[in-house]
Structure formats: structure tokens, C-alpha cells
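Order-wise, the sequence lines are chains A and B. Per the numbering used here, residue 391 is the first one in the first sequence, and the count goes up by one each step. Per the numbering used here, residue 111 is the first one in the second sequence, and the count goes up by one each step. Yeah, the Cβ is synthetic: ideal placement off N, Cα and C, and Gly gets one too. This structure is a prediction, so every number in the text was calculated from the model and none was measured.
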Amino acid sequence: MSEKEMSNLIKEYLKEVKSKLPEWLKDKKEHKEILAELEEHIWSKAGELSETGQPTSETVRRAITHMGTPSSIAKEYKRRGTPKFYITEEMWPAFIKVLVIVFSVIIGISIITQVVNFIFGNVDFGELVGGIISGIQIGCLSAFAIITIIFVALSMEGYFPEDFKSKKEREKYRQELERARKEGIPISEIKKKPIKPFMKPVGEIIGGAIVIMIGIFFIAQPIPAVTSIIDPEFLLYLRFAGMFILIEGILDLSRGLIGNRQMFAQQIIHGITIGIKLASISVVILMMNRPEIFPILVVNEPGDALVNIGIAPEFYGIFRGIAGLIIALVALSTIEDFYKIYKAEKYKK
Amino acid sequence: MIKRVRELDSSALIASKDFRDFVEKQETEINRGISSLCILSIIIQAGVEGSHGYQILKDLEAKTSDMLVIEEGTLYPILRKLEDDNIIKSKREQSGRKRKFYSVTEYGKKIYNHLAGFYSKLTEAIGPLFDININLKGEKYLFCPMCANKIELTNLQLRFCDVCGHNIEKELKERGLKNE
């Protein structure tokens, strides 16, 4: 048998291997290198098996048998992820992410469609609620089934999330990881990405300084032309508010100066901030009950003088509503501090 | 091993499909677990120049007395995985057959030392179950008492295990390798 015929035997085998290789390898054009390596191996083995040292058709066939079946080679390439249920651990975060996105879209579309129908009078309120629930149920169940099947198939093929990224993106990801390892930045076990710093110190310092200045302004009340026409009781409340704002600013500034080094100190400061924010609500409650002292300053046209006209009694309700809203916002803003305390716990490790 | 055995006697256990399938599956599992480690060991022994796929297999067969047999084509997916994990690196020949030569990375050496240590201690521990004795080369290596990392006793300046950070001075002193 001529060398060309032996070569054809090998090509036939490699063609079968290629057809069985997982798609993510074919996409990367890496398969060419893999096939070249296998071909080199077969020629070497065929030469060794031959008595003369020169490959023959028989030794080429035997060398191919030694290589194993194309399926067993492909199977080894596909054995890539860490098993977790039927979807690999590596694909799991992407699976959850896709589910969340698709579910959100389905829920959004179901609500919008039914609300539009309701507005145009096609359905009554009961049908609106029923339509939303059944739409979400059917949509989410179907989406869950389809997405799960896709991810199980991808896991069986040995896909990793990075296989869906371009070469440039993969290189950027690799460099990011390398830099993180060198700089000692921890890498997220779930996302497999360098964990972002807990906070941006410069932002906190600048923000803290601005808040301090606002606090000082409220305490000092440096414009007598304005303060002289405002009720002294309101000015006193304003000083209290300024004191709370000043303390918050100092706390922000301190967190910025501590930076990402002391997570325990960050937690303590966030704890104090929660206390300050909740305490500051008392000032708003006091103001809420005294709408008549709230200043509304206008320019009196004839003499261009500044005049305090106060709030008209018919707007007291609105005033109290706004104050209530401020109380709710301040209380809600403490959620961020609670979250930061929880988040800092992870950064301690 | 069972894969290589031919059925000679129809009454022999090996003729039973259930027996053969079970044994073959178990042998494959055991081989799979240790083949990456053995391949890594062969690559380390090849030094900085490294070794190409075909040579790695030949060395593997020779150094394991043909006991650890892997289908030759499946070597390359294993090498690729090790390279992806930054345990080995490859370099193509500039001239001639332009074969790919594999060598171990610094990180790979640390991985190998740890796994080799774990495997050595494991075989030593399970040896009595099979009525065999395993003698680890205590004069050449120290196995970290905390994580089983294999530490070569050539560098006596060492104070800590580089995997778990355990202070190994006590163990070195016990062996008389370090002054009090």
C-alpha cells in the first residue's frame, strides 16, 4: 500500500474524530491542532510497530486501533465540567441567570398585556388577575423546560460559559484573572471573576466632605438676612438636622479613609450610620407636626424684600405627606447599610 | 487489565458479562483517577525540555510496567485539560516534525507535589487492607502532617509547607535535620 493510501486511512479516521468532537472545540478552530497531534501520533506508532521502522498499512491500522474509538476521544474532551445535577457547576450560574432574565421578561409581558386589555375594557379585574397568573405559570413553566433541556445538552457537550465569548473577550478575562492573582485580589467562586473592591474610597471621601459642608451650613446658618425672617423653632430643628447630617458626613469620610482594609470597622460604622439615620427621623416627625413654622420665602415685588409667607393651612396635608415620604426614604436607606454589613462579612475572608 | 484478558474458558468468571462489565468499569474508574497524576509525573521527569504526546505514552507504559494503560487518543484531551488549568504548558518544535512538547509550570509542580503526597499517604494508609506494605521514602521526602503535601528534603531552609502554611520545623527537628 502506498503512502497516499496509508494517509487516506488516517484521514478517514481523523474525519470521524472531527465529526464527534464537541462543538465548542470546532468553533475555536482548535480542532485542527488536535487532529494534527493525533496524526503525528499515529505515524509514530505505526513506525514503531513495523519491523522495518517504516509504517505499513497493517501497522497504520493497528496504530489507529491503539488510539481508541473517535467516540472515546470525543467523550474525554466532553468530560470537562464538574457534575452538579444534570447541569455542570460551571454552567449553573449562567443557567440561573438566563432563567431570571427570561422569567422577568415573561412576567413583564404577562402584566403589560393584561393591563392593556383591562384598560381597553377587554377584561374585567378578576380576568386581569387570572390572566396574569395563568400567563406567568404557562410562560415560566415552558421556558424552564426549554432552558433546562438546552443547558443539560450544553453540559453534556462539555461547554463552559467562556466558550460563548470571543477570543478577545477570553483574553481580557484571562488577563483580569492573572492581574487579580498577582495583586492578591480574591476571585469569586461562583462567577469565577475577580471580586470588585468593597468600596471606592475616593468617592466616599468626596461624598463625605460634601455632606459635612451641608451639615455645617445647616448648623451655622450663615445668612442672617434669611434666618432673621424664619421661625426660631424651625431654625432649631434645622440645627438638629444639620448635626445629624454632619455626623453622617464624618462617618462617610471615615469609611473612605479606612478603605478596603478593615471590614470590621466598616461594619461598625455602618451600624452607627443606621442609628444616626433612624434618630434623624425624630427631627422630621417634629417638623411634620408643626407645618405652620415651615418657611416659604418669596420676594416681595415693590421693595424686592424677602418675605416668609409660610404654608397655607390647606396645604398642611401635602406637607405632612411629603414629611412622611422623607421618613420612609430615610428608613429605607438603612437597608443599604444593613446590606453593606452583610457584604463586608464576605470580604473578611 | 481485564480489557486485555481473552476469554479462554467459558466456565471462567470472566465469561460472565456482569462480572466483566463490573470489573472493567471499576478498573476504568481507578485508572481515570490516577492517570492525570501519572502523566504529570512523566512530564515532570522529562524536565524543562518537556516531552511530546507519543513519548509521554511510551514512558508511561514503560514506567508502570504496562499496568496503567490508557487509550492513546484519550491522552490528548487530558493534556489539554492540564494545559487549560495552567498545570502544564506546551511549545511546538520550530523545525522538523513540529511536535508539541509539554512541560510542567511552577504552579503545576506545586499541584503535583500536593497530589503526589496525598496519593502516597493514601496508598500507605490503605495498604494493610490488601495485606501489602508501602514504604514511603522518608529520608527523601517529608509529607506535611496537615495536608500531606510532598516536601523534598533538599532545601532545609524551609520552615512552612507552601500549600497549607503549616510550620514543619518540628518535623524536621524530629528527624535531626534542624538544630534546636
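With distances taken Cα to Cα, identify the nearest neighbour of residue i among the options.
{"i": "tryptophan 433/A", "options": "Lys465/A, Asn398/A, Ser462/A", "result": "Asn398/A"}
{"i": "phenylalanine 541/A", "options": "Ala436/A, Met481/A, Gly529/A", "result": "Met481/A"}
{"i": "glycine 665/A", "options": "Ile686/A, Phe705/A, Asp727/A, Leu687/A", "result": "Asp727/A"}
{"i": "alanine 669/A", "options": "Gly649/A, Val688/A, Met633/A", "result": "Met633/A"}
{"i": "valine 688/A", "options": "Pro681/A, Ser409/A, Ile701/A", "result": "Ile701/A"}
{"i": "glutamate 704/A", "options": "Pro685/A, Pro681/A, Lys401/A", "result": "Pro681/A"}
{"i": "proline 473/A", "options": "Gly498/A, Met546/A, Arg452/A, Thr663/A", "result": "Met546/A"}
{"i": "glutamate 448/A", "options": "Ile477/A, Ser392/A, Glu479/A, Gly525/A", "result": "Ser392/A"}
{"i": "lysine 250/B", "options": "Leu266/B, Ile236/B, Gly237/B", "result": "Leu266/B"}
Just the C-alpha distance for residue i and residue j, rounded to the nearest angstrom, thanks.
{"i": "isoleucine 149/B", "j": "serine 494/A", "result": "48 Å"}
{"i": "asparagine 745/A", "j": "arginine 710/A", "result": "Here chain A comprises residues numbered 391 to 739, so residue 745/A is not present and cannot be evaluated."}
{"i": "proline 551/A", "j": "alanine 484/A", "result": "7 Å"}
{"i": "lysine 219/B", "j": "valine 720/A", "result": "56 Å"}
{"i": "threonine 724/A", "j": "isoleucine 613/A", "result": "32 Å"}
{"i": "serine 644/A", "j": "isoleucine 619/A", "result": "37 Å"}
{"i": "glycine 605/A", "j": "isoleucine 635/A", "result": "5 Å"}
{"i": "tyrosine 403/A", "j": "lysine 173/B", "result": "29 Å"}
{"i": "isoleucine 144/B", "j": "glycine 521/A", "result": "58 Å"}
{"i": "phenylalanine 240/B", "j": "threonine 233/B", "result": "10 Å"}
{"i": "lysine 487/A", "j": "serine 500/A", "result": "20 Å"}
{"i": "lysine 435/A", "j": "threonine 446/A", "result": "11 Å"}
{"i": "isoleucine 242/B", "j": "threonine 138/B", "result": "22 Å"}
{"i": "isoleucine 502/A", "j": "phenylalanine 508/A", "result": "10 Å"}
{"i": "leucine 625/A", "j": "asparagine 679/A", "result": "15 Å"}
{"i": "alanine 734/A", "j": "proline 576/A", "result": "13 Å"}
{"i": "serine 213/B", "j": "asparagine 141/B", "result": "22 Å"}
{"i": "arginine 651/A", "j": "arginine 571/A", "result": "18 Å"}
{"i": "isoleucine 537/A", "j": "serine 200/B", "result": "37 Å"}
{"i": "valine 407/A", "j": "alanine 464/A", "result": "7 Å"}
{"i": "isoleucine 622/A", "j": "leucine 676/A", "result": "Going by the sequence as given, residue 622/A is proline instead of isoleucine. Cα-Cα distance, rounded: 14 Å."}
{"i": "valine 158/B", "j": "glutamate 216/B", "result": "11 Å"}
{"i": "cysteine 274/B", "j": "threonine 264/B", "result": "19 Å"}
{"i": "glutamine 204/B", "j": "glutamate 430/A", "result": "15 Å"}
{"i": "phenylalanine 510/A", "j": "isoleucine 526/A", "result": "21 Å"}
{"i": "glycine 471/A", "j": "isoleucine 477/A", "result": "9 Å"}
Under 8 Å between C-beta atoms, does residue i make it to chain A?
{"i": "glutamate 181/B", "result": "yes"}
{"i": "arginine 130/B", "result": "no"}
{"i": "tyrosine 212/B", "result": "no"}
{"i": "isoleucine 188/B", "result": "yes"}
{"i": "glycine 163/B", "result": "yes"}
{"i": "threonine 215/B", "result": "no"}
{"i": "threonine 184/B", "result": "yes"}
{"i": "arginine 207/B", "result": "yes"}
Any beta-carbon of chain B closer than 8 Å to the one on residue i?
{"i": "glycine 516/A", "result": "no"}
{"i": "methionine 396/A", "result": "no"}
{"i": "tyrosine 741/A", "result": "Any answer about residue 741/A is impossible in this case: the structure gives chain A only from 391 up to 739."}
{"i": "isoleucine 502/A", "result": "no"}
{"i": "isoleucine 717/A", "result": "no"}
{"i": "serine 434/A", "result": "yes"}
{"i": "glutamate 427/A", "result": "yes"}
{"i": "methionine 457/A", "result": "yes"}
{"i": "glutamate 638/A", "result": "no"}
{"i": "serine 556/A", "result": "no"}
{"i": "glutamate 430/A", "result": "yes"}
{"i": "serine 578/A", "result": "no"}
{"i": "serine 440/A", "result": "no"}
{"i": "isoleucine 526/A", "result": "no"}
{"i": "serine 462/A", "result": "yes"}
{"i": "isoleucine 575/A", "result": "no"}
{"i": "isoleucine 424/A", "result": "yes"}
Notebook entry, point to check: Where in the region 451 to 515 of chain A do unbroken runs of the alpha helix (DSSP H), each at least 4 residues long, occur, reported from the N-terminal end onward?
Noted result: Listed in chain order, the complete alpha helix (DSSP H) runs (minimum 4 residues) inside the region 451 to 515 of chain A are 460 to 468, 482 to 509.
Notebook entry, point to check: So, do the region 651 to 670 of chain A and the region 699 to 716 of chain A have three or more beta carbon pairs nearer to each other than 8 Å?
Noted result: Output reads no: the region 699 to 716 of chain A does not touch the region 651 to 670 of chain A.
Notebook entry, point to check: If you pair each beta-carbon of the region 451 to 465 of chain A with each one of the region 173 to 183 of chain B, do three or more pairs fall below 8 Å?
Noted result: These segments touch.
Next item on the list: Quick one: which unbroken alpha helix (DSSP H) runs of 4-plus residues sit fully inside the region 512 to 575 of chain A? Chain order, please.
Entry: Segments of the alpha helix (DSSP H) lying fully in the region 512 to 575 of chain A: 515 to 546, 557 to 573.
Note to self: When you compare the region 225 to 233 of chain B with the region 254 to 264 of chain B, are there three or more beta-carbon pairs, one atom per stretch, that lie closer than 8 Å?
What the structure shows: They touch, by the three-pair rule.
Margin query: Count Cβ pairs between the region 595 to 608 of chain A and the region 628 to 642 of chain A that sit closer than 8 Å; are there 3 or more?
Written below: Using a C-beta cut-off of 8 Å, the region 595 to 608 of chain A makes contact with the region 628 to 642 of chain A, since at least three inter-stretch Cβ pairs fall below that distance.
Check: Between the region 546 to 560 of chain A and the region 677 to 696 of chain A, are three or more C-beta pairs nearer than 8 Å?
Finding: Segment contact: the region 546 to 560 of chain A against the region 677 to 696 of chain A, fewer than three CB-CB distances shorter than 8 Å; contact not assigned.
Item checked: Unbroken stretches of the alpha helix (DSSP H), 4 residues or longer, contained in the region 609 to 636 of chain A -> If we require 4 residues or more, the alpha helix (DSSP H) runs fully inside the region 609 to 636 of chain A come out as 614 to 617.
Notebook entry, point to check: Taking the runs of the alpha helix (DSSP H) that are 4 residues or longer, which of them lie wholly in the region 162 to 248 of chain B?
Noted result: For the region 162 to 248 of chain B, whole alpha helix (DSSP H) runs of length 4 or above, ordered along the chain, are 163 to 173, 185 to 194, 216 to 236.
Note to self: Could you check whether the region 554 to 564 of chain A touches the region 423 to 432 of chain A, counting it as contact only if at least three pairs of C-beta atoms, one from each stretch, sit closer than 8 Å?
What the structure shows: Note that the region 554 to 564 of chain A does not touch the region 423 to 432 of chain A; fewer than 3 beta-carbon pairs, one per stretch, sit closer than 8 Å.
Margin query: Below 8 Å, how does it come out for the region 243 to 250 of chain B and the region 164 to 179 of chain B: are there three or more Cβ pairs, yes or no?
Written below: Too few Cβ pairs lie closer than 8 Å, so no.
Next item on the list: Any chance you could list the alpha helix (DSSP H) runs of at least 4 consecutive residues sitting entirely within the region 410 to 434 of chain A, in chain order?
Entry: For the region 410 to 434 of chain A, the continuous alpha helix (DSSP H) assignments of 4+ residues that do not extend past its boundaries occur at 413 to 417, in sequence order.
Next item on the list: Give, in chain order, every unbroken run of the alpha helix (DSSP H) that is at least 4 residues long and sits entirely within the region 677 to 733 of chain A.
Entry: DSSP runs (the alpha helix (DSSP H)) wholly in the region 677 to 733 of chain A: none.
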